[in-house]
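Chains as they are written, first to last, in the working numbering: chain C, 1 to 172; chain B, 1 to 172. Glycine included, C-beta positions come from ideal geometry on N, C-alpha and C. Let me begin by presenting the structure, written as structure tokens, before commenting on it.
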DNA sequence: TCAATAAAAGATATAAAGGTCTTAATATCT
DNA sequence: AGATATTAAGACCTTTATATCTTTTATTGA
Ligand code: FES
Ligand code: FES
């Protein structure tokens, strides 16, 4: 590289006039909002199993997420009835025991990211359509369906339990 | 809804003061740049199999993508040696026959999106780490590995051939 | 009923992705 | 050599995602 561009970080590249030029888009399966949302929900589930509510402060501390942004996401999850919120002293977020048993990962993902991840075309055609498939359709739908099945079958209880027993973690 | 917010489209929601509030992030497996990049590469491969070059204009027409943006993506792919570009009259983009045989889908994805999609943690922890796994680690890595394998095994030739025979499509 | 606490709602700010436009470089043909 | 065709490079603009800050609403308990 003989020119004067400046690499600020892995993601930020500026040229000599300090204009942003290009960096690989760090694509992810779920949006950050959804990642925080899943982690927050799992923490709340874990606390709820112990008969406790989780406050916003506790949540953001335990999952290492930005507080105000996490609040917004929890609002969404409360509207979607994934979690229940309680205002005032000793308030916070909770999930009913029977919901922890029955709720699936897919409900959280749906509430935040919608279902495009397992319905949309892998190459971005308007919709996935087996009658007029894109070149990756067959290979892609197989993986997408596995993802869909996994999300729809995985219960909150199972994930919250592995957290409780210290087998898995929400931050590092 | 008794308030005055205005739903402009599926993705754009404004409140009474015309401030953007919130909409589900349409998450996708690959970035749009990557989707266009794959589609463009497949079209170029198909033309190359017929001994022809593909011009930017022809590409954007055939894959239905924004011209200037597609040009940027093709620049990236040329730098990554996924495609070869030729300037001047009768110029355009091409892929050597032997590369069409050997090149895998993963090379295109890597050139544009990098490898986070099959290396990163599904819940957004700094890195995926089996020693201190997140709650979805085991279920997630299984799917991610299937995706990785699929991308690494799928050859351009196979996809370009299915296009040529009219079994699959790059736009609709 | 009042102070304190905690979430909801709203406004605004910043960063990244997606996209356009203009000029430069390079190849081809006459 | 000059006109033309085509991609490369750079600057810039727009939209969406991510994030923060401020004000309002609900709940509790002294
Ligand atoms: S049409 Fe592209 S994935 Fe189904
Ligand atoms: S640690 Fe989260 S996917 Fe491996």
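- Per DSSP, residue 55 of chain B lies in no beta strand (DSSP E) and is assigned neither H nor E.
- For residue 48 of chain C, the uninterrupted alpha helix (DSSP H) run begins and ends at 32 to 49, by DSSP.
- Residues 80, 82 of the same chain have their beta carbon placed closer than 8 Å to that of residue 107 of chain B, with the five preceding and five following residues left out of the count.
- Here the C-alpha atom of residue 58 of chain C lies approximately 50 Å from the C-alpha atom of residue 169 of chain B.
- Note that the C-beta distance between residue 49 of chain B and residue 158 of chain B is not below 8 Å.
- In the displayed model, residue 140 of chain B falls within a helix according to three-state DSSP.
- Any heavy atom of ligand 2 counts here; residues with a Cβ closer than 7 Å to one of them, in chain order, are B/121, B/122, B/123, B/125, B/128, B/129, B/130, B/133, B/134, B/136, B/137, B/140, B/141.
- Taking the Cα of residue 44 of chain C as reference, the smallest distance to any Cα among C/128, C/166, C/62 is reached at C/62.
- Interface annotation, residue 34 of chain C: in contact with chain B, CB-CB separation under 8 Å.
- Closer than 8 Å to the CB of residue 61 of chain C there is not a single CB belonging to chain B.
- Fully enclosed alpha helix (DSSP H) runs of no fewer than 4 residues occupy 97 to 102, 105 to 113, 116 to 119, 137 to 153 of the region 73 to 161 of chain C, in order along the chain.
- When the beta-carbon positions are compared, residue 139 of chain B and residue 154 of chain C come within less than 8 Å of each other.
- When the beta-carbon positions are compared, residue 111 of chain B and residue 77 of chain B come within less than 8 Å of each other.
- The Cβ atoms of residue 122 of chain C and residue 136 of chain C lie closer than 8 Å to each other.
- Against residue 150 of chain C, the close residues of chain B are 136, 139, 140, 142, 143, in the order they occur along the chain (beta-carbon pairs closer than 9 Å).
- With contacts defined as CB atoms closer than 8 Å, residue 56 of chain C and residue 33 of chain C fail to qualify as a contacting pair.
- For residue 56 of chain B, no chain C residue has a Cβ inside 9 Å of its Cβ, as the nearest lies near 18 Å away.
- The C-beta distance from residue 116 of chain B to residue 102 of chain C rounds to 33 Å, too long to fall under 8 Å, and the pair is not in contact.
- The C-alpha of residue 93 of chain B lies about 12 Å from the C-alpha of residue 60 of chain B.
- Residue 69 of chain B sits in a helix when the DSSP states are folded into three classes.
- In this structure, DSSP gives residue 170 of chain C a state outside helix and strand, which the three-state scheme calls coil.
- Residue 68 of chain C and residue 118 of chain B have their C-alpha atoms spaced approximately 29 Å apart.
- With 16 or more other CB atoms across the displayed protein chains lying within 10 angstroms of its CB, residue 39 of chain B is buried.
- Within the region 81 to 101 of chain B, no residue has its Cβ closer than 7 Å to any Cβ of chain C.
- Buried is the label assigned to residue 144 of chain C, since at least 16 other Cβ atoms lie within 10 Å of its Cβ.
- In the three-state scheme derived from DSSP, where H, G and I count as helix and E and B as strand, residue 60 of chain C is classed as helix.
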